[in-house]
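Trainee: With full-length UniProt numbering, letter number 41 in the sequence shown gets 41, and the count goes up by one each step, no holes.
Cβ atoms here follow ideal geometry from the backbone N, Cα and C, with glycine treated the same way.
Quantities reported herein were computed from a predicted structural model and do not represent experimental measurements.
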Amino acid sequence: MLFKACLNGARDVDEHPRLSVDVRVIAAEARAAVDAGAGALHVHAKDAAGRDSLAVDDVARVLDAVRAVCPEVPVGVTTGAWALPDVSTRVAAVAAWAVRPDFASVNWHEEGADAVAGALLDAGIGVEAGVWNPEGLERWARSPHRDTCLRVLIELPDVPTDDLGFHVERLARPLLAGVSDAAPHLPVLLHGEEASTWPAIDLALREGLDTRVGLEDTLRVPDGSPAEGNGELVREAAQRMRE
1 MLFKACLNGA
11 RDVDEHPRLS
21 VDVRVIAAEA
31 RAAVDAGAGA
41 LHVHAKDAAG
51 RDSLAVDDVA
61 RVLDAVRAVC
71 PEVPVGVTTG
81 AWALPDVSTR
91 VAAVAAWAVR
101 PDFASVNWHE
111 EGADAVAGAL
121 LDAGIGVEAG
131 VWNPEGLERW
141 ARSPHRDTCL
151 RVLIELPDVP
161 TDDLGFHVER
171 LARPLLAGVS
181 DAAPHLPVLL
191 HGEEASTWPA
201 IDLALREGLD
211 TRVGLEDTLR
221 VPDGSPAEGN
231 GELVREAAQR
241 MRE
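Written as structure tokens, this is what we have:
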């Protein structure tokens, strides 16, 4: 079972003291997460203003910093359309990466997913298929790159807090079934965000699926108090795994 740490995401850096454009801070968070039990890392490269970036220099800077302190684990990045909405520009950016991640996530509900995945595969970069909703599932299931993906990321949104387990099950089960029908050989990583984070981790553990946690997904530990950083979040998740 893979446990991944998602270090920062598209959050504004002022949302938490351990979110930063400084790659030294990001690298320190990566090391803390690995020391706490993470077996892989997902990071968003940032420009000087703190925005998500796919630019060659920004991607190289964060990958070099993280790998310098965490050489033993694979490191992935995002290719989210919010960073570069134009498909051709996004594909060109990915193809230009001189320092390449081990894998990158592609959100299949976004326009240009097949083209971005193709550019990643051509560069020898593993593709994580981001499946957020039924539309994304349908597009990915028809993709010529479906069977060459490294894994499938089932990403659940924030949910109402009245019955967290019910809402997570309601959203996750159809996506899990659809992925199993389309490509039963691929590993699945299930995770949530905000209120769905910890219930999604619990469901992943019950089902024997890969999962993840980090400041991208939540700023809080299970009791609702603020997390010190990625290390504490991973430790909390690892404890749930042992229970």
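Buried or exposed for residue 246, going by 16 or more other Cβ atoms inside 10 Å?
Mentor: Residue coverage of the chain in this structure runs from 1 to 243, which leaves residue 246 outside it and unanswerable.
Trainee: Would the stretch 20 to 27 count as touching the stretch 203 to 218 if we require 3 or more Cβ pairs under 8 Å?
Mentor: Short answer: they don't touch.
Trainee: Please state the DSSP three-state secondary structure of residue 145.
Mentor: Coil, per DSSP.
Trainee: Would you tell me roughly how many angstroms separate the C-alpha atoms of residue 129 and residue 78, rounded to the nearest one?
Mentor: Near 11 Å, if we compare the C-alpha coordinates of residue 78 and residue 129.
Trainee: Can you name the residues that DSSP bridges to residue 153?
Mentor: Answer is 130, 189.
Trainee: Provide the residue span of the beta strand (DSSP E) that contains residue 58, from first to last.
Mentor: Careful: residue 58 lies outside any beta strand (DSSP E), inside the alpha helix (DSSP H) at 56 to 69.
Trainee: Could you pull out every residue in the same chain whose Cβ sits closer than 6 Å to the Cβ of residue 50, ignoring the five residues on either side in sequence?
Mentor: The residues are 13, 21.
Trainee: Does the count of Cβ pairs from the stretch 149 to 161 and the stretch 120 to 134 closer than 8 Å reach three?
Mentor: At 8 Å Cβ cutoff, the stretches touch.
Trainee: In chain order, which continuous runs of the beta strand (DSSP E) of length 3 or greater are located wholly inside the stretch 193 to 236?
Mentor: Within the stretch 193 to 236, the complete beta strand (DSSP E) runs of at least 3 residues are 210 to 213.
Trainee: Ordered along the chain, which non-local residues of its own chain (more than five positions away) have a Cβ less than 7 Å from that of residue 116?
Mentor: 79, 90, 91, 94, 106, listed in sequence order.
Trainee: Around the C-beta of residue 3, are 16 or more other C-beta atoms found within 10 angstroms, so that it is buried, or is it exposed?
Mentor: The residue is buried, with at least 16 neighbouring Cβ atoms inside 10 Å.
Trainee: Hey, how far is the Cα of residue 187 from the Cα of residue 141?
Mentor: Cα-Cα distance, rounded: 15 Å.
Trainee: Can you find a CB in chain B that lies within less than 8 Å of the CB of residue 57?
Mentor: Among the chains of the structure shown, chain B does not appear; only one protein chain is present.
Trainee: For residue 192, which option in 182, 185, 177, 160 has the closest C-alpha, if you only look at C-alpha atoms?
Mentor: The shortest C-alpha separation from residue 192 is found at 160.
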